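Student: Numbering (the numbering used here), first residue to last: 58 to 223.
The beta-carbon is built from N, C-alpha and C at its ideal position, and this holds for glycine as well.
Owing to the predicted nature of the structure, the values given are computational and were not obtained by experimental measurement.
Have a look at this one before I ask anything.
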């Protein structure tokens with residue numbers, strides 16, 4: 058499949074390959090988390106709470122790549138199921154930071170092991186040097202996009218790698 062018109066050549070588009078890799082990673086993670094009764098978002102929330110205690114609902118939502126409303130519903134479900142606890146009153150400001158319960162920590166341990174197996178599988182064909190280079194490259198791309206890097210003369214880059222010449 059080659060380039061047609063002014064469209065993106067999907068065979069050579071790095072943005073398209075990144076999206077494909079992201080989709081394949083999510084699918085693989087969902088497959089190993091489903092038997093544990095978790096989704097990727099559920100796992101992400103527990104992992105964020107374990108590694109960064111005290112995060113607000115908004116911070117958790119950003120970290121898990123979901124809306125605040127979605128995160129609020131998830132936290133309510135996690136609290137009802139006994140994975141997290143939240144104070145009834147905020148100590149400071151309006152934030153009600155959730156904390157993992159022992160059940161949440163135990164569940165996270167199993168999920169982390171499952172997710173780690175997916176990452177090991179994903180990276181199995183790469184040398185350590187290739188892994189480090191890929192990590193640096195991806196971090197650089199994220200930095201360029203978040204800092205509003207130029208998409209070239211006369212245009213601004215967009216999140217899908219195309220240009221928007223407004």
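Below 9 Å between beta carbons: does that hold for residue 82 and residue 102?
Tutor: Translated into the one-based positions of the chain shown, residue 82 becomes position 25. Translated into the one-based positions of the chain shown, residue 102 becomes position 45. No, the Cβ-Cβ distance between residue 82 and residue 102 is not below 9 Å.
Student: May I have the straight-line CA-CA distance separating residue 127 from residue 161, to the nearest angstrom?
Tutor: For the purposes of this step, residue 127 is taken as the residue at position 70 of the chain shown. For the purposes of this step, residue 161 is taken as the residue at position 104 of the chain shown. C-alpha separation (whole angstroms): 19 Å.
Student: Excluding the 5 residues preceding and the 5 following residue 178 in the sequence, name in chain order all residues of the same chain whose CB lies nearer than 8 Å to its CB.
Tutor: Here the question's residue 178 lines up with position 121 in the chain shown. Same-chain partners within the cutoff: 85.
Student: In chain order, what are the residue ranges of uninterrupted beta strand (DSSP E) at least 3 long that sit wholly in the stretch 116-200?
Tutor: Correct list: empty.
Student: According to DSSP, is residue 217 helix, strand or coil?
Tutor: On the chain shown, position 160 is the one that residue 217 refers to. Per-residue confidence for residue 217 stands at a pLDDT of 39, beneath the threshold of 50, marking its modelled position as unreliable; the derived number appears in the next sentence. The answer is coil: DSSP assigns residue 217 none of H, G, I, E or B.
Student: When you measure from the CB of residue 178 to every non-hydrogen atom of the ligand ZN, does any distance come out below 8 Å?
Tutor: With respect to the ligand ZN, the structure shown offers nothing to examine, as it has no ligands at all.
Student: Spell out a yes or no on whether the stretch 166-173 and the stretch 88-104 are touching, meaning 3 or more CB-CB pairs, one atom from each, closer than 8 Å.
Tutor: Flag = yes, the stretch 166-173 and the stretch 88-104 touch.
Student: Let me know if residue 190 comes out buried or exposed under the rule of 16 or more other beta-carbons within 10 Å of its beta-carbon.
Tutor: For the purposes of this step, residue 190 is taken as the residue at position 133 of the chain shown. Flag for residue 190 reads exposed.
Student: Checking 9 Å against the spacing of the C-beta atoms, do residue 138 and residue 155 come in under that value?
Tutor: Taking the first residue of the chain shown as position 1, residue 138 is located at position 81. Taking the first residue of the chain shown as position 1, residue 155 is located at position 98. No; because the gap between Cβ atoms is not below 9 Å, this pair is not in contact.
Student: Residue 211 by DSSP, collapsed to three states: which one?
Tutor: To locate residue 211, count along the chain shown from 1; it is residue 154. No answer about residue 211 holds up, because its pLDDT of 39 lies below 50 and its placement is not dependable.
Student: Taking DSSP as the reference, what is the three-state secondary structure of residue 69?
Tutor: For the purposes of this step, residue 69 is identified with residue 12 of the chain shown, where counting begins at 1. In the structure shown, residue 69 sits in coil (DSSP, three-state: anything other than H, G, I, E or B).
Student: Would residue 98 pass as a contact of residue 78 if the rule is Cβ separation under 9 Å?
Tutor: Your numbering for residue 98 matches position 41 in the chain shown. Your numbering for residue 78 matches position 21 in the chain shown. Contact: no.
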